[in-house]
Every structure is written in C-alpha cells, then in structure tokens.
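So the structure is just underneath, and the comments pick up after that.
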Amino acid sequence: MSLFGLLTPQAFIHGPIETGAQIIVIVAVLVTVLAITYLGRWRWLWQQWLTSLDPKRIGIMYILLSFVMFGRGFVDALMMKSQQALAVGAPGYISPDHFAQLFTAHGVIMIFFAAMAFMFGIINLVLPLQLGSKDVAFPLLNSISFWLTATGALLLNLSLVVGQFAATGWLAYPPLSELAYSPGVGVDYYIWALQIAGIGTLLSGINFLTTIATMRGHLRLMQMPMFTWTTLGSMLLVIFAFPILTVTLALLALDRTLGFHFFTTDLGGNAMMYVNLIWAWGHPEVYILVLPAFGIFSEVVATFSQKKLFGYTSMVVATMLIVVLSFMVWVHHFFTMGAGADVNAFFGIMTMAIAIPTGVKVFNWLFTMFRGRIIFATPMLWFIGFLTTFTIGGMTGVLMSIPAADFQLHNSLFLVAHFHNMIIGGVVFGFFAGFTYWFPKFTGIMLNERWGKAAFWAWIVGFLMAFMPLYALGLMGVTRRLDHIDVASGLYTQPWAHWLFDIAAAGAAVIALAVLFQIIQIIVSIWNKHKHHVGENPWRSQGPEWQEPAEPLHERSARGVAIGAVAALFGFGLIWHIWWLAALALIGILLSLITLPKPEYAD
Amino acid sequence: MPTDKTTLGFWLYIMSDCVLFASLFATFAVLRGSEDIFSLPFVFVQTLALLISSFTVGLAFVTKKQNTFLILTLLLGLGFLGLEVYEFKNLMLEGFGPSHSAYLSSFFALVGTHGLHVAAGCLWMLVMLVTQRFYQLQRLVLFWHFLDIIWIFIFTFVYLFGII
Ligand code: HEM
Ligand SMILES: [Cu+2]
C-alpha cells in the first residue's frame, strides 16, 4: 500500500484522442487562471461571486457551470454521432472502450450537471422573487449545495486528466460496474462525483421546500405562480428520490472498495436489485427536471398569449398527481427483467396513467393560447417547439409503456430518440425559454431577438434531423450504445440505414450551429448593452417576480467553497484509495460543520 | 420566526433519512438469508440502552438539568455503539463478515448505517456539552428519537425475525 494508493504516473498516460481531451482541459484551466490573474480579478471573483450568499449570484454560477458542462456533454455527443456515421460497416475513429466512456460521460454530464445545474440556477434566481422574499431559507446551505455540485463536476472532469471515466452507461449497471468487470477507477469517479453532487441536490431540496413553506409572506398556496408550484413538486421529488440514489451508489461503492456482495454475480448478490433501486430514483429524476420546465412554460404561455393561464387549479392538481405517480412507474425501464406479466401490466398501466395529468397540462396550455393575442417572441417559440416535440415524445413513450411492444424496443435507438425528445424538447427548451424570458429581469438587457430566433430554428431543425431517424433505426433493430454497425448485420446491406445515420450526424452539426447562434446572441446583447437596454419588465408580465426590483444581497461566507474543496479531496482520496487523504478530508468537513457560527436567532 | 424554518428543515431532513433507511430495509428484505448468528439477549441489552437514552434525552429537553441528562444520554449512546462494535468484531472473527454473503452485506450496511447515525448524534452531544450551547437541543432530541424508532424496526425485522 503506497502513500498515493492506486495513483501512479501511469494514470496520466492515455491514448491519442484522450490525450487531446486531457491537454484541452489543462490548457483551459491554465488560460482561465492566467486571464483572471492578468485582469487582476481574483479578489473581485472571491468576494463578489465565490463566497456570495446571494441566491441571484449563486443562481448565475449554477447557470455558468451548466453551460460549461453542456459544452463538454455536447462535444461528447458530436464525437458519438460522427463515429456512428463513419462506423457503419467500418471501425470508425474511436475505440470501443473510449466510445463507452463517451456515452457514459455524456449521459451523466447532461443529466446531473447540464440540466440539473441549469434548473437550480433558474430556481435560485426566480423562486425567492416569486415568493416576494429576497432570500432562501438557508443561505449558507444554498452555497454549500452549489459547491458540492461544482465539486461533482470537478471530479468528473478530473477523470479526463488522471485515470479514466466509467465505461458502463450512465446508470452504471452491475455486474459490469463491479470491480471484477470494471477494475479501473472509472466507476469510482462516477460514484463519488454523483454522490457528492447528489448530497448537494438533496440539501437544495430541503432548502427550497422550506423556503416555499415559510417565506411567502401573505401569499396563499393557491395564489402561488405556476413555476413556484412545479418547483415545489420537483423539490418534493428530490427529498424522496435522492436518498435512494445515495443508498444505491453507497452499496455499489461498498461492493467495489470493501468487498461486499450486494450486486456481484456470486454469494447471493442481486444485480437486478441495483436496477430496481436506481430506477426508483431515476424515474422521479426525469420529473424533477421536467416539472420546473413545465412551470416556466406556464408562465411563458400566459405572458405571450396576453391572457391568464387557463385552468390554474387543474394545473396544480396535475402537478401533484405527477409527483405521486412518478414513484409508481419505475419498472417500465426494465420490463424485460422478467418480473412476470402481472407486474409488467401494472407498471405499464401506471405509466399510461401518468400521461393523463401530463395531457391535462398540454390542453391547459393550448386553451391558454386559444383566442389569445399571441406574441411570437423567442420564449414563445421555445414553448411552441416544446409543445410539438414533447407531444411526439410523449406518444412514443406511451407506445413503449406497452410491455409487449417494449420487448422489441427496449435498449434500441427508438428509446434513445424517445428520451431525447422529452429531455431536449421538454427540459432543455424549457430552460432556454426561462433563460430568455427572465434575462431582462436580472440584467435590464433583452437578449437579441433576431439571433435568438435563428438559434431556435436551428435547434428545432437540428433536433428533428438528429433524432427522428433514430426512431426508424430503432424500429429496424439498431440497439443503443453501438460504437460501430457490424458488416455481418443485415442493416449494412440497406443503404438507407447508412443515410439515416448520416442525417442524424448532420442534425448534430445543425445543433452545433444553433449553439453557436446562442453564444453570438449572448455576446451581441451584452456588447450592445445600450441598444438592448429595456428595463426590468419588457414583456409586461403580470407575475409577482416582475413587480419589485431585485436588489443585491451582500452576505458572504467562505464556508461553502471550503466544504466543496475538502469534499473534492475526500472524493479523490476514495477514488484512488488514498485513505489518509480521505480521512483527513472527512475530519476537515466535520470540523467546518462543528465550528459553524451560532445563528443570530439563537441566544 | 427563524426557529420555525430550522425545525421544518430538520423535519424534511428526517423524512429524507426515512427514505434512506427504507431503501436499506428493502435491500435487506431482498437479500435476507437464514444464518443463526445473532444472540438475542445481547441485542436486548443494546435495545434497552437506546430506549433509556431516548428517555434521558427527553429529560434533558424538558428539565433544567441539560448537562446531567445529556451526559447520561451520551454515555448510553456510547455504550450502545461499544456493544455494536463488539458484535461486529465478533461476527467478523467468526467468519461472518460483510464479504461472507449478500445477506451479511445487507446486514452490516443497514445496522452499520444506523450505528453511524448514532455516532453522529454522540458527536453532536459532545459538541453541545463542550461549547455549552443548547439552542439545537430540540432538533437533537428529534434526531435521537428518530434513531430509536429505526432501531426498533431493526430489532424486529433483523434480529427477532432472524431468529424465528
Ligand atoms: C444536444 C444534443 C444531443 C445530442 C446530439 C445527443 C446525442 C446522444 C447520443 C448519440 C447518445 C448515444 C446513443 C446510443 O446509445 O447509441 C446519447 C445518449 C444519451 N443522452 Fe444525449 N444527446 C444530446 C443531448 C442530451 C441531453 C440534453 C441530455 C440530458 C439532459 C442527454 C442525455 C442522454 C443520456 C442519458 C444518454 C444515455 C447514455 C447511455 O447510453 O448511458 N442528451 N445522446
Ligand atoms: Cu421512467
């Protein structure tokens, strides 16, 4: 047992393409550090941002983190798409193991760090204002949550430099993710990055629920804006679902590091139990992401139809029904497990049932538009794009909820098309809509509409090109996560299968263009500040968050950053079996909790 | 009323901790085997220690003698932990460690997680006693009763049913 555990110089040496990524990460960090030093901005960064307890600043940091991670996840996606286009009947340019790391990292990054961070960013910015309170219930806890999320992202990216990432798929199913079949540190990076970020999320859930419950002044429950309601639903899901993830990952870690036998192939281990547990978290997780997006759309559609939201009460009821039902459908992710016809039928029916409250929402949105004087501003475009693509995705989802059909479609590209339909069309478009909608509230600047509309059209066209062909390919029998299509497979002889892959890759390129437009949009808007200056309520929205100015708060604490940094050391120590480091870090975390200053109210 | 915020927040934490234990109970139920390795009288002593400590921590809250009763609770908690460590060590020495089977893995994970919580509670009490600041006492009491309830479930489902 050496001082540095499993860590050897070997861990820094990679194949050619991975080395490229490694160098990019190192250079990016160096450039950032040098730039800040050159501009003399360290003190400003530390005092105004890193240690700030203002939920608005924390929210902006979440969104920046999300953008960075989205960039990385998107590069992974581009590599996968290009590989798949090049590798029909050929090996392509990416090795199978590297390809496996790509789809794993892509899925993990997009869900946990691109989407979740974006969500918490928007919640931090908007929720307190909608409640008419300036702050969240526990400002320091909020900062700690953010830094734990950032630490998870840090560990994940560190795996590009030292060691490797998991090559198991984004949910790391055993037995593949067990030590016997994944002996490297990849899965350990996975476990500890998610464990640390997951604790942060759980704490955020507690924080925002308490905020909604205790800090809304005279606002009655049934007067709360829809975004607040859906955030409430989402945070309820967080506090009930994330502990399951914590347990699942902890058990896998015990298997891998201490030789337990929860999910191993021998001594009574049960891999399907892992699959059950992780989906008992995983299905609620997709609703955690999409509920706040629903809330954003409810705000957007009312504002830009210049009407009140149709069916407020039924929206609230539908939201809460979704919260309850989303814990009763998880088996639809593995009908093929062989739980038997009765069990599958039950979960199939529950899955179809969850489409009902979702359908209620869709109709409420439609009726809100009905006879409204619709303004086709960018947020509204995102909404209309969402309504169409999300409905397609919803229908393919109901299709797969029929167990008999799912036996054919399970783990095929049909499934990949379905969930991107929901996640891009639902979650990502929703957050883009919210971002554009609320941007003027916090900056006084309107995001450039022309570039925004260009970005929207490129996104929707690129999205349809990238994912509609996958429905067809899935029906033709192409399974997911294929690094190449074998010459021996019948598919190779059908030339149009090849075209479908090409169209999908071209679609990803169009999305890249859309992302470029978005970057230009932000730069142009900030650059021409004066031209885009519009004041705080350009959309003339009725929502409470628009009525009062958002004042900056000046409270600061370095404890969040400190706990995040020490948690990073803790995770690193566990990943590389550097036990003294993990132990010291744990003591550090305990000390920083014990020495928390006494709150004012306590005498 | 900031105290209300913290109390509510703490209740929410307790609820999420319930889910955590529920998941561990579920894995235990799935993986349970039938090895006759527990000694009921021994566990009974542990249970008594924890039950009495729940009583004393309550007294620390309702009477003025916070120090006395907290020290008593702390000692009972430490005694409980000592017994648990002793039990774990013995099981491992006899070859029934967590690597022995999935059943024992789930046993050690469930009971050990509860033990870690008790240890955290003891540390919490220690800090209170050293700093002589008791503003978190109400939440500590809540936490301690919660651990007691979890233990009753463990006692019933793991030990009693394990023996039957
Ligand atoms: C931006 C455009 C995106 C493109 C072009 C893209 C492309 C892909 C591709 C090619 C795969 C692998 C499919 C296969 O198994 O063969 C994949 C998997 C996946 N994607 Fe995306 N994706 C995008 C955005 C997103 C977003 C926004 C999310 C979530 C917020 C997401 C979540 C996932 C997940 C969870 C997987 C499964 C990973 C696994 O197999 O373990 N993707 N994506
Ligand atoms: Cu699901």
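Those sequence lines, one after another, are chains A and B. Sequential numbering of the first sequence, starting at 1, is according to this note's numbering. Sequential numbering of the second sequence, starting at 1001, is according to this note's numbering. Cβ atoms here follow ideal geometry from the backbone N, Cα and C, with glycine treated the same way.
Measuring C-alpha to C-alpha distances from Ala466 of chain A to each of A:Ser133, A:Ile424 and A:Trp451 identifies A:Ile424 as the nearest. Between the beta-carbon of Trp281 of chain A and that of Thr319 of chain A there is about 20 Å, and that puts the pair past the 8 Å contact cut. Here the alpha carbons of Tyr287 of chain A and Thr1007 of chain B stand approximately 28 Å from one another.
Residue-level contact by beta carbon holds for Arg1133 of chain B and chain A, with a gap shorter than 8 Å. Distances between the C-beta of Val398 of chain A and the heavy atoms of ligand 2 are all 7 Å or more. Apart from the 5 residues on each side of it in sequence, Ala417 of chain A sits with its Cβ closer than 6 Å to the Cβ of Phe467, Leu470 and Tyr471 in its chain, given in chain order. With the criterion set as a beta carbon lying under 9 Å from some beta carbon of chain A, the members of the segment 1094 to 1114 of chain B are Gly1097, Pro1098, Ser1099, His1100, Ser1101, Ala1102, Tyr1103, Leu1104, Ser1105, Ser1106, Phe1108, Ala1109 and Thr1113, in sequence order. Looking at the backbone, the Cα of Leu158 of chain A and that of Gly186 of chain A are separated by about 11 Å.
In this structure, Val68 of chain A has its beta carbon at no less than 7 Å from each heavy atom of ligand 1.
By the criterion of at least three beta-carbon pairs nearer than 8 Å, the segment 523 to 534 of chain A is not in contact with the segment 497 to 504 of chain A.
With three or more CB-CB distances shorter than 8 Å, the segment 567 to 578 of chain A counts as touching the segment 147 to 161 of chain A. One thing to note: Met224 of chain A has its Cβ no nearer than 8 Å to the Cβ of Val301 of chain A. Residues of the segment 129 to 149 of chain A with a Cβ closer than 9 Å to any Cβ of chain B, in chain order: Ala137, Phe138 and Leu141. No Cβ of chain B is located within less than 8 Å of the beta carbon of Leu179 of chain A.
Per DSSP, reduced to three states, the secondary structure at Arg371 of chain A is coil, with no helix or strand assignment. In the three-state reduction of the DSSP assignment, Ile485 of chain A falls in the strand class, which pools E and B. Listed along chain A are Ala137, Thr210 and Thr214, each with a C-beta nearer than 7 Å to that of Lys1005 of chain B. Collapsing the DSSP output to three states places Ser1101 of chain B in coil. The Cβ of Thr246 of chain A sits closer than 8 Å to at least one Cβ of chain B. Three or more Cβ pairs closer than 8 Å define a contact, and the segment 64 to 77 of chain A falls short of that threshold against the segment 125 to 132 of chain A. Residue-level contact by beta carbon fails for Asn124 of chain A and chain B, as no gap is shorter than 8 Å. The C-beta of Leu1140 of chain B comes no closer than 8 Å to any C-beta of chain A. The CB of Leu258 of chain A comes closer than 8 Å to the CB of Pro1098 and Ser1099 in chain B, given here in chain order. Residues of the segment 266 to 291 of chain A with a C-beta atom less than 7 Å from some C-beta of chain B are Leu267, Gly268, Gly269, Asn270, Met273 and Leu277, listed in chain order.
Taken from the Cβ of His333 of chain A, at least one heavy atom of ligand 2 lies inside 7 Å. Given a length threshold of 3 residues, the segment 1028 to 1081 of chain B has no whole run of the beta strand (DSSP E) inside it. Chain A has a Cβ within less than 8 Å of the Cβ of Gly1033 of chain B. Apart from sequence neighbours up to five positions away, the residues of its chain that approach Phe260 of chain A with a beta-carbon distance below 8 Å are Leu251 and Leu254, ordered along the chain.
Under the DSSP assignment, Ser525 of chain A falls in the alpha helix (DSSP H) whose first and last residues are Pro495 to Trp527. When rounded, the separation of the alpha-carbon atoms in Asp342 of chain A and Tyr1086 of chain B is 46 Å. Residue state for Val534 of chain A is assigned as coil, using DSSP reduced to three classes. Ranked by Cα distance from Phe439 of chain A, the options A:Phe4, A:Gly121 and A:Phe335 are led by A:Gly121. A residue is called buried once 16 or more other Cβ atoms fall within 10 Å of its Cβ, and Phe407 of chain A, having fewer, is exposed. Taking the Cβ of Thr104 of chain A as the reference point, at least one heavy atom of ligand 1 falls within a distance shorter than 7 Å.
Closest option to Met61 of chain A, judged by alpha-carbon separation, among A:Phe118, A:Thr32 and A:Thr351: A:Phe118. The criterion of a C-beta distance shorter than 8 Å is satisfied by Lys361 of chain A and Phe294 of chain A.
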